[in-house]
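Number of protein chains: 2
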Amino acid sequence: MRTGTSQRDDQRQTAQQRRKELLEAADRVVLRDGPEASMNAIAAEAGITKPILYRHFGDKGGLYRALAKRHTDALLASLRAALDAPADDRRQRVEATLDTYLAAIEARPQVYRFLMHPADHGQPEPEQGFDVGHHSAPLLRRLGEELATVIAERLELGPGGDEVARVWGHGIVGMMHAAGDWWLRDRPCARGQLVHHLTDLLWGGCRWRTTGSAHRASEAPAAPRVRLAARP
Amino acid sequence: MRTGTSQRDDQRQTAQQRRKELLEAADRVVLRDGPEASMNAIAAEAGITKPILYRHFGDKGGLYRALAKRHTDALLASLRAALDAPADDRRQRVEATLDTYLAAIEARPQVYRFLMHPADHGQPEPEQGFDVGHHSAPLLRRLGEELATVIAERLELGPGGDEVARVWGHGIVGMMHAAGDWWLRDRPCARGQLVHHLTDLLWGGCRWRTTGSAHRASEAPAAPRVRLAARP
DNA sequence: GACTGCTGTTACCGCAGGTAACAAGCACGT
DNA sequence: ACGTGCTTGTTACCTGCGGTAACAGCAGTC
């Protein structure tokens, strides 16, 4: 066994390499055909047959998990960078982070679709694909938890602050996701606009400026004006 | 054959009635077996066979769409009620709405799972089910648009306000959804707590109280203290 | 040469969604 | 009475998917 560098290591290395190749092939297929790509298609793209895929990744979930991890890690890294980047104030940092996320999903919507809605049962029905929906994906969880720790670090929330931070983390991530998802489809405005609107919301936008129809006019003390005019 | 209950009566019923019965049967199955219920199972529960289901609903998506519409409409109605209910201030109304949503998904998680993540491929793997995710479902879109109109009505946002309202609508709904999804699984706190934390967030919570680690200490002017201690 | 561990294959299973094709009951217009 | 047509139901099948034997080569090691 232990003789020299050995065949075992070589084998493992080639196995890793092979795995990487397979992942890249899978990536290509998923990006081309969408998340509903079949194992057969992926195997064909890789120039092999199904059982090999299963030997490497166990089952379809395993493959998709591995595939998702790469993209998730990449996205998370850039988000962390934006979150840690120097900025004049927190608002700028928040805007930068939101913008990073939105830029990512804008640049590679296919990847985004795969990470978020991998179960879309194909686009044979380009109509009002009801899809019966699907749900939020572990990526969102990871993002939520990640953001929660950052919030807990950065804001001093006192006792019970961890709980608050987690709620806020998941809430903010959900806001970002839903708004991004909707924006990506309807494209109602420029990215920068969306970022500003979302930051306004996070900055308590829906707190001020009540209309007369509400019971008490304004409970906002010295409300810092909401910015909503179009910006250059 | 196998008249079972009452074939004669069934025969007399109109297509609409039959459809309703089928939907109710499907509902039962989905609530029992989860969203991955097969057409065969649903047909069996209804005491008939597959082709009939297909005649009534076209395909599985049609059935699920019809099924989802009922629950969606119901949920939406109660949300609208909460949103329109009399309250002392807007914060109370927001809290009531959030609480209504969370109470609904808490009371009937199966329905919620069906509406939001109907594609969950079963729970044969209670482990770290990566699931590869799924996505947000039209219900969220509908909620987002709905809330957007309410926001546009209730807050006077000036020119371009409709755009802001839509962004906020979808953002808030996403926040609610993601936080609820996470909360429903981890149950880290009582529902009321979650509601308060989320409202704090919406009220601009993440704006104040920066820690020293950040670059500039505090840009919050006369920060109204964030409420986060446990409340009765 | 026998053994091991990897690569790869073909051929199959079970089950899902979905679709003929055909059989029965009832309502008619003649 | 009769056929015609509609609806409701059936059985039996197709396709394609995820997943799994079982077997065939081809290293290097003892």
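Protein chains in written order, with full-length UniProt numbering: chain C, 1 to 232; chain H, 1 to 232. Don't be surprised by glycine CBs; every beta carbon is placed ideally from N, CA and C. Here the structure is a predicted model, which means the values were calculated and not measured.
Item	Value
Any beta carbon from chain C within less than 7 angstroms of residue 175 of chain H's own beta carbon?	yes
Give the straight-line distance between the Cα atoms of residue 205 of chain C and residue 21 of chain H, rounded to the nearest whole angstrom.	46 angstroms
Out of C:69, C:166, C:157 and C:52, which one is the CA nearest neighbour of residue 112 of chain C?	C:69
Taking the beta carbon of residue 159 of chain C as the centre, do at least 16 other beta carbons fall within 10 Å, making it buried, or is it exposed?	exposed
Let me know the alpha helix (DSSP H) ranges lying completely inside the UniProt domain "HTH tetR-type" (16 to 75) of chain H, each 4 residues or longer, listed in chain order.	39 to 46 and 50 to 57
Should residue 19 of chain H be flagged as near chain C, meaning a C-beta pair shorter than 7 angstroms?	no
Just the C-alpha distance for residue 164 of chain H and residue 94 of chain H, rounded to the nearest angstrom, thanks.	18 angstroms
Tell me which same chain residues have a C-beta within less than 8 angstroms of the C-beta of residue 127 of chain C, skipping the five on either side of it?	With a pLDDT of only 34 at residue 127 of chain C, under the threshold of 50, the placement of this residue in the model should not be trusted; the figure read from the coordinates follows. So no residue of the chain qualifies.
Can you tell me whether DSSP reads residue 157 of chain C as helix, strand or coil?	coil
Could you list the residues in the UniProt domain "HTH tetR-type" (16 to 75) of chain H with a C-beta less than 7 angstroms from some C-beta on chain C, going in chain order?	61, 64, 65 and 68
Do you know whose CA, among C:142, C:166 and C:192, lies nearest residue 79 of chain C's CA?	C:142
Determine the chain C residues that contact residue 166 of chain H at a beta-carbon separation under 7 angstroms, and present them in chain order.	188
Under 7 angstroms Cβ-Cβ, which residues of chain C neighbour residue 207 of chain H?	203 and 204
Let me know the secondary structure DSSP gives residue 96 of chain C once reduced to three states.	helix
Cβ of residue 177 of chain C versus every heavy atom of the ligand FMN: is any distance shorter than 6 angstroms?	Annotation note on the ligand FMN: not contained in the displayed structure, which lists no ligands.
So, with DSSP's three-state summary, where would you put residue 168 of chain H?	helix
Candidates C:24, C:27, C:103 and C:167: which alpha carbon is nearest residue 182 of chain H's?	C:167
Determine, for residue 170 of chain C, whether the minimum Cβ-Cβ distance to residues of chain H falls below 7 angstroms.	yes
Assign residue 180 of chain H to one of three DSSP states: helix, strand, or coil.	helix
Is it the case that the Cβ atoms of residue 96 of chain C and residue 82 of chain C are separated by a distance below 7 angstroms?	yes
Scan the region 80 to 100 of chain H for residues whose Cβ lies nearer than 9 angstroms to a Cβ of chain C and list them as they occur along the chain.	86, 87, 88, 89, 90, 91, 93 and 94
Determine, for residue 197 of chain C, whether the minimum Cβ-Cβ distance to residues of chain H falls below 7 angstroms.	yes
Which bits of chain H does residue 151 of chain C rub up against, with CB to CB less than 9 angstroms?	206
Spatial neighbours of residue 29 of chain C within its chain, please: CB distance less than 7 angstroms, with the 5 preceding and 5 following residues excluded, ordered by chain position.	37, 41, 42 and 45
Considering only the alpha carbon of each residue, which of C:58, C:137, C:201 and C:107 lies closest to residue 157 of chain H?	C:201
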